[in-house]
Each structure stands twice: as C-alpha cells, then as structure tokens.
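Under this note's numbering, the sequence shown has 102 at position 103, and the numbering climbs by one with no breaks.
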Amino acid sequence: MNYNIAIDGPAGAGKTTIAERIAAELDYIYVDTGAMYRAMGYFFIQNQVKSLEEVSDLESFCSQADITISYQNGEQQVLLNGENVTSYLRSEEVSRMSSIVSSHSAVRCKLVELQKKLAETENVVMNGRDIGTCVLPNADLKIYLTASSKTRAQRRYKELTEKGVPCNIEEIEKEIIARDERDMNRELSPLRQADDAIRIDCSDLSIEEVTARILQLFQEVRK
Ligand code: DC
C-alpha cells in the first residue's frame with residue numbers, strides 16, 4: 000500500500016518548498032503539479048501564443064506538448080517534448096501564462112491523468128490547486144497551505160532580489176492577487192480547500208515549523 004499527501008493552496012504560499020522537505024524526510028517522491036502547468040504555459044509562449052483565444056483547436060495544440068517528469072538528485076525535472084525546461088519555468092511571464100492555460104479542460108485532463116498515475120504506484124507528496132479536491136480525493140492527509148498576499152509578495156520579492164532580478168513589490172502583490180482570482184474562480188477544478196483538508200496559515204510560521212506540523216499530522220494519520 001502506498002501513501003499520498005496532498006498540499007494545496009494559493010500561489011507563493013510555499014507549497015513546493017514544504018512538499019520537497021516532507022518528501023525528503025519521508026523518502027517519498029514529491030510532485031509539484033504547478034511545474035507541469037508551467038511547462039504547458041511555456042509551450043504556449045514558445046509558440047508565441049499569448050491567449051487561449053488565439054488557438055482554434057486547443058485540444059490538438061495541447062496534444063503536441065508531451066510533458067513528463069523525472070528526478071535528478073531527488074529534484075523534480077520537467078521535460079517538454081524531451082527537453083528539460085525546468086530552469087525556464089519560474090519567470091513571471093510563465094507564472095501568468097500557466098495560470099491562464101490551466102483553466103482549459105484539454106490541459107487539465109492531460110495533466111491530471113499523469114498525476115493520478117504517479118500517485119497510484121508511489122508514495123507521493125503532491126502539491127497544487129486541486130490535489131485534495133480532484134486529483135487525489137482519497138489522499139491520506141490533505142493540507143491547505145495559505146498566507147496573506149502581502150507575505151507571499153514579500154517572499155517572492157526577496158527570492159527575486161536575491162537572484163538579482165529587478166522587481167517591484169506592489170506589482171508582485173497585484174500579480175499574485177490576479178492569479179488567486181483566476182485560480183479560485185475558474186470553472187474547472189478551482190482552487191478551494193477540500194472539506195477534509197487541514198488549513199495551515201503560514202504567514203507567521205517558518206518553513207521548519209510548517210514542515211514539523213505536517214509531519215506530526217501525518218504520523219497521527221499513520222497510527
Ligand atoms: O503552483 P504554481 O504557482 O507553480 O502553479 C502555476 C499555475 O498552474 C497556477 O497559477 C494554477 C495552475 N495549477 C493548477 O491549475 N492546478 C494545479 N494542480 C497546479 C497548478
């Protein structure tokens with residue numbers, strides 16, 4: 000029998016970092032589903048497509064994007080048509096485009112199928128927007144990780160500034176709020192807390208504190 004942990008929440012709440020830590024502690028694999036949607040967003044950008052309306056047959060367009068994941072030294076890598084695109088996925092342009100393309104059914108069906116398959120055979124910590132509600136409705140533990148938009152913008156600002164990327168904190172917060180809007184109000188699998196998920200507001204918690212809390216909750220589940 001394999002265990003599944005689902006972590007959902009809004010953009011920039013720290014889901015990927017936390018999922019990675021928990022997976023490392025438990026020796027599970029982590030699946031950052033946002034990176035898969037980002038790869039699809041990147042595919043659109045690569046093809047100079049700026050909005051869904053520009054493509055007449057979205058299904059056939061999306062079918063040209065073969066997205067798979069693999070692991071290198073425990074870190075998830077995303078392959079788009081055989082090319083490792085992981086390092087291109089964190090830009091603001093890709094963030095925005097991934098949120099737009101993820102509202103389409105052709106994109107979601109394709110990626111959800113791949114995600115479900117991964118969790119069938121492996122112990123996984125999977126993070127995203129619809130993991131507890133749609134991808135893994137029977138997950139052993141469901142977490143809804145959130146933080147205020149201000150905190151999330153501050154963290155993103157720090158991350159970008161440390162990398163030497165020029166940015167504006169007000170702009171970042173505006174973009175985060177716009178992304179929340181899109182992700183929470185779309186028709187298909189909108190972001191929402193599953194009824195049986197445990198909510199953790201990490202605005203005032205460190206990564207270590209959140210990780211410890213989730214590991215403790217999981218220990219209780221496994222008992
Ligand atoms: O978690 P992230 O910021 O890397 O996700 C990028 C976008 O992908 C996000 O704005 C919405 C979409 N997404 C989704 O619709 N469903 C998921 N399970 C994960 C991400």
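All residues carry an ideal CB built from backbone N, CA and C; glycine is no exception.
| Check | Outcome |
| --- | --- |
| What did DSSP end up calling residue 77 once you bin it into helix, strand or coil? | strand |
| Pull up the distance between the alpha-carbon of residue 209 and that of residue 202, whole angstroms please. | 10 Å |
| Please identify the residue among 188, 4, 79 and 153 whose C-alpha is closest to the C-alpha of residue 169. | 153 |
| In this structure, how does DSSP classify residue 192 when only helix, strand and coil are distinguished? | coil |
| Considering only C-alpha positions, which residue in the set 198, 205, 74 and 207 is nearest to residue 6? | 198 |
| Are the beta-carbon atoms of residue 190 and residue 182 separated by less than 8 Å? | yes |
| Can you tell me whether DSSP reads residue 46 as helix, strand or coil? | coil |
| Across the stretch 111–131 and the stretch 164–180, are there enough close Cβ pairs to call them in contact, namely three or more that are closer than 8 Å? | no |
| Is the stretch 121–136 in contact with the stretch 16–32, if contact means three or more CB pairs nearer than 8 Å? | yes |
| In terms of alpha-carbon separation, which member of 38, 13 and 57 lies closest to residue 206? | 13 |
| Residues in its own chain within less than 8 Å of residue 196 by CB, not counting five upstream and five downstream? | 5, 7, 131, 141, 142 and 143 |
| Write down every uninterrupted run of the beta strand (DSSP E) in the stretch 77–143 whose length is 3 residues or greater and which is fully enclosed by it, in chain order. | 123–127 |
| Quick check on DSSP: helix, strand or coil for residue 185? | coil |
| So, is residue 111 buried or exposed, given that buried needs 16 or more other C-beta atoms within 10 angstroms? | buried |
| Counting along the chain, where does the beta strand (DSSP E) carrying residue 5 start and finish? | 3–7 |
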